[in-house]
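Here is the structure we will look at, set down as C-alpha cells.
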Amino acid sequence: MNQIYAKLISMRKPILATITGITFVLASCSSSSTPSTEHEQDSVYAPVETKKPNSDYKPAFTGQTRIAGVKTKTPYEGTVLSGALDAPWGITALPDGRLLITEKKGVLRIATVAGQLSEPITGLPAVNTAGQGGLLGIRVDPDFSSNRMVYWVFSDPLPEGNLTAVGKGKLSADEKTIEGATVIYRATPAYKGTLHYGGRIVFDKDGNILVSTGERSDLETRPQAQQLNSALGKVLRITKDGQPAAGNPFAGQADKRPEIYSYGHRNVQGLAFNPGTGDLWETEFGPRGGDEVNRIEPGKNYGWPTITYGIEYSGPKVGEGIQQKAGLEQPVYYYDPVVSPSGITFYSGSSIPEWKNNLFISCLSGMHIARLVIKDNKVVGEERLLESEEQRFRDITEGKDGALYAVTDNGKLYRIHKK
Ligand SMILES: [Ca+2]
624 MNQIYAKLIS
634 MRKPILATIT
644 GITFVLASCS
654 SSSTPSTEHE
664 QDSVYAPVET
674 KKPNSDYKPA
684 FTGQTRIAGV
694 KTKTPYEGTV
704 LSGALDAPWG
714 ITALPDGRLL
724 ITEKKGVLRI
734 ATVAGQLSEP
744 ITGLPAVNTA
754 GQGGLLGIRV
764 DPDFSSNRMV
774 YWVFSDPLPE
784 GNLTAVGKGK
794 LSADEKTIEG
804 ATVIYRATPA
814 YKGTLHYGGR
824 IVFDKDGNIL
834 VSTGERSDLE
844 TRPQAQQLNS
854 ALGKVLRITK
864 DGQPAAGNPF
874 AGQADKRPEI
884 YSYGHRNVQG
894 LAFNPGTGDL
904 WETEFGPRGG
914 DEVNRIEPGK
924 NYGWPTITYG
934 IEYSGPKVGE
944 GIQQKAGLEQ
954 PVYYYDPVVS
964 PSGITFYSGS
974 SIPEWKNNLF
984 ISCLSGMHIA
994 RLVIKDNKVV
1004 GEERLLESEE
1014 QRFRDITEGK
1024 DGALYAVTDN
1034 GKLYRIHKK
C-alpha cells in the first residue's frame, strides 16, 4: 500500500495529469460488495495538490504533505441555505439543530436549517473589527439545554492595544439578547496590531474550554509563541470561569502561564476533538507554504517560529530556515502552497459512512473544503469538496442531523449532505 502512495507522490506533474481519474484499487481490498467505512477500500488517486511548492524543503516523513487523493463514493451535495450573512466567522449547532453564527462585525445570529436568519442578538461587548479582528469563534455550554450559556472569542479593544478574549453570557428565553455578558479571559499581553488572533474555542470532555490564539503576526511579537510567560501563539485550557484548568502542563511553574496547554503556534484557527480517539487536533496558518495540521498533546512545543515548512511572504527563509529540530513537534500534515485553514471539524455521523472520523477543513485561499482521511494519527488520503463553488470557506461544523454546515466570507451558509 505504501509503495503505491510513494509511487503516486513521486510522479511528476505531466504524468499525474495522465493518471488523474484512473482508479488504483489497493491490493488489500476485499471483494465484498458491502459498503465499508474503512479507508483501505477507498480508491486511490493522484494527490489533489498539483501546484509548484514554494521551496524545496523535504517532509520529515512520507505522507506529511501531498498525500494520495481519495473520492467520496456516497452521492453528496452542498446546498446554499442562505446568502444573507455578513462575513460570518464562527458556526456551531444548538442542541435543537439550529445554528448559532457569529459575524465578524460583532453580530450573533441564529439560523434555522432552512436558512432563516434571526435578527442580531444584542448584549455582546464591543469588538475591534479592524484587520482580522471581530467576533470570532463560538460554542455553547455542554449543558446549554439547562443553562443556556454561550461562549465566544473576540478581539477585545483595550487602551493599550487589542487582544484575543473569551466572553460568556446566557441566551435569553426569547433568544433576543445575551444576558449578563462577561469577559472571562484575556490573552495578554495586548498589542497594537490587528492580525493573528487565533480565535477558535471548543469544550473538552471535562467541560473545560480550549481556546486558540495567534502570535499577532509582527516580527516584534512573533517570538512570544515560544515564551511561556505570554498567551500569544498558544492553545490555552481554561475553566468556564476563565481560570487555568486543573491538570495543565505548566501549573505551578515559575514564570510560566498555568493556562497554557501547548505552544509554538503561529495562528490557530482550527480546533476540534477527534471522536475516534479523543485527541485534540488543530490547524494553523503558516507562512508562505507552511500551513499545518497538528495533533495537540499537552505541554508540547509545535515549533513556530523556530521550524516551519514555509518561507516569509516577502521571500526569504524564516529564521534559520530549518524544518525539523529535536524537541519540536512535527505537523501531522502541511500545505505548500497554503490553503488557509480557517476552521475544522471531525465527522461523527453515519449518513456518509466513508466520512466517519475524517477531518474537514474550511479553506479560505484554497477555496474548498478539505477532507482528510486519518488512520493511526497520520493523513492517508485527501479530497477537495465544493471546489466549484469558488468560496472562501471560513468555518465548518457538524450539525445534529448528520450533515456538515459551513460559512463563507461572502455570506453564504452551506449544508453539505447526502443526496
Ligand atoms: Ca509547527
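Under this note's numbering, the residues of the sequence shown are numbered 624 to 1042, in order. In this text, a Cβ means the ideal position worked out from N, Cα and C, and glycines have one as well. No experiment lies behind these values; they were computed from the predicted model shown.
Contacting residues, own chain, Cβ-Cβ under 7 Å from residue i (five flanking each side not counted)
i     : result
I930  : I945, Q946, Q947, K948, L951
S741  : R732, I733, E798
G1025 : G972, S973, S974
T752  : K727, K728, G729
G756  : V750, S778, N785, T817, Y820
G1075 : The structure shown does not extend to residue 1075, since the chain spans only 624 to 1042, so no value can be given for it.
Cβ neighbour criterion (16 or more within 10 Å) applied to residue i
i     : result
Q577  : The displayed coordinates of the chain run from 624 to 1042. Any statement about residue 577 would go beyond what the structure contains.
V962  : buried
N1000 : exposed
G803  : exposed
D779  : buried
L1008 : buried
D1018 : buried
Y925  : buried
G1022 : buried
S656  : A caution first: S656 carries a pLDDT of 35, below 50, which makes its placement in the model unreliable, though a value can still be read off. Under this definition S656 is an exposed residue.
S965  : buried
T646  : In this prediction, T646 has a pLDDT of 34, which is less than 50 and means its spatial position is unreliable; what the coordinates show is noted afterwards. That one is exposed.
Y936  : exposed
E907  : buried
N890  : buried
Bounding residues of the alpha helix (DSSP H) (the contiguous stretch that carries residue i)
i    : result
S985 : Element bounds for S985: not the alpha helix (DSSP H) but the beta strand (DSSP E), 982-986.
Boundaries of the beta strand (DSSP E) in which residue i is found, first to last residue
i     : result
F767  : Not the beta strand (DSSP E): F767 falls in the alpha helix (DSSP H), residues 767-770.
A796  : Segment: none, A796 is in no beta strand (DSSP E) and carries neither H nor E.
N917  : 914-919
T1031 : 1027-1031
H1040 : 1036-1041
S705  : 699-705
W712  : 711-716
R762  : 758-763
F896  : 891-896
E952  : Premise fails: E952 is in no beta strand (DSSP E) and is neither H nor E.
Cα-Cα separation between residue i and residue j, rounded to whole angstroms
i     : j     : result
E1006 : I1039 : 14 Å
G972  : K1042 : 15 Å
A650  : K998  : At A650 the pLDDT is 31, less than 50, meaning the model places this residue with poor confidence; the figure from the coordinates comes in the next sentence. Rounded to the nearest angstrom, the two C-alpha atoms are 18 Å apart.
F684  : S769  : 47 Å
T697  : R994  : 14 Å
M772  : S795  : 9 Å
Q739  : S705  : 7 Å
V858  : Y884  : 5 Å
E1013 : H991  : 7 Å
V671  : T836  : 29 Å
L1027 : L786  : 30 Å
L781  : A813  : 8 Å
V776  : R689  : 32 Å
Y699  : G822  : 30 Å
Q953  : P748  : 38 Å
D878  : Q850  : 10 Å
Beta-carbon contacts of residue i that lie in its chain and below 8 Å, excluding the five residues immediately before and after
i    : result
P881 : P867, N871, F873, A874, G875
T660 : Residue placement at T660 cannot be trusted, given a pLDDT of 44 that sits under 50; what the coordinates show is reported in the next sentence. Answer for T660: P976, E977, K979, listed in chain order.
N677 : R911, G912, G933, I934, D959, P960
R694 : Per the sequence presented here, residue 694 reads as Lys, with Arg not at that position. Contacts found: D665, S666, Y668, E1006.
F969 : A895, F896, N897, P898, G899, W904, N980, N981, L982, F983, E1021
K863 : D764, M772, Y774, K791, I807, G830, N831, I832
D709 : E726, K727, K728, V730, G1034
Cutoff 6 Å; reference residue i; Cβ partners in own chain excluding five residues on either side
i    : result
T607 : What is shown of the chain runs 624 to 1042, which leaves residue 607 out entirely.
G922 : P872
Y808 : V789, I861, G865
E843 : none
A810 : L786, T787, T836, A854
T702 : R1038
(message) Quick check for students: name the residue ranges of the beta strand (DSSP E) that lie wholly in the region 837-889, counting only runs of 3 or more.
(response) 857-861, 883-886
(request) Note down, one range per segment and in chain order, each alpha helix (DSSP H) of at least 4 residues found wholly within the region 956-1016. (result) none
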